[in-house]
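Visitor: Residue numbers (the numbering used here): 506 to 586. For each residue, glycine too, the CB sits at the ideal point set by N, CA and C. None of these values were measured; they are calculated from a predicted model.
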Amino acid sequence: MTNVIPAAPGWYVHETDDEDKSVSLDPVIAWKVATAEDGEDILLPFVDAGSYCPPFALTEESFRAFSRHVVYLPNHNPETA
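1) Cutting at 8 Å between CB atoms, please list the residues of its own chain near V575, excluding the five before and the five after it.
2) Excluding the five sequence neighbours on either side, which residues of its own chain have a C-beta within less than 8 Å of the C-beta of A554, listed in chain order?
3) What distance in whole Å lies between the Cβ atoms of A535 and A512, which are believed to be in contact at a cut-off of 8 Å?
4) Between the Cα of V552 and those of D546, D531, F571, spot the shortest distance and give me the residue it belongs to.
5) So if DSSP puts T564 in a beta bridge, which residue, or which two residues, is it bridged to?
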């Protein structure tokens, strides 16, 4: 894989479900260097796709469509959340 950078612990993709207002935090496992629609270089996060599926990079469009954003929570413990 080219243009992939391992992620440090503490980075998450935050998404709020519009229907039940539940919040999900998906750990970022790597970053993909990409070019945004405006021509700027950006980092897109890779997240775990679940059992038996390879990780995948979220798209720029998915951030707008699903109100996602990246957060840094260095003290967050997913085991107790």
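Guide: In terms of the structure at hand:
1) Taking the sequence shown and counting its residues from 1, one reaches residue 575 at position 70. So the list reads W516, Y517, V518, H519, V533, P550, once near-sequence residues are dropped.
2) As a first step, residue 554 must be located in the sequence shown, where it is residue number 49. Correct list, in chain order: P560, F561.
3) By one-based count along the sequence shown, residue 512 stands at place 7. By one-based count along the sequence shown, residue 535 stands at place 30. That pair is a contact at about 5 Å.
4) Here residue 552 is taken as the residue at index 47 of the sequence shown, counted from 1. The residue with the shortest Cα to Cα distance from V552 is D531.
5) Translated into the one-based positions of the sequence shown, residue 564 becomes position 59. Answer is none; T564 lacks a bridge partner.
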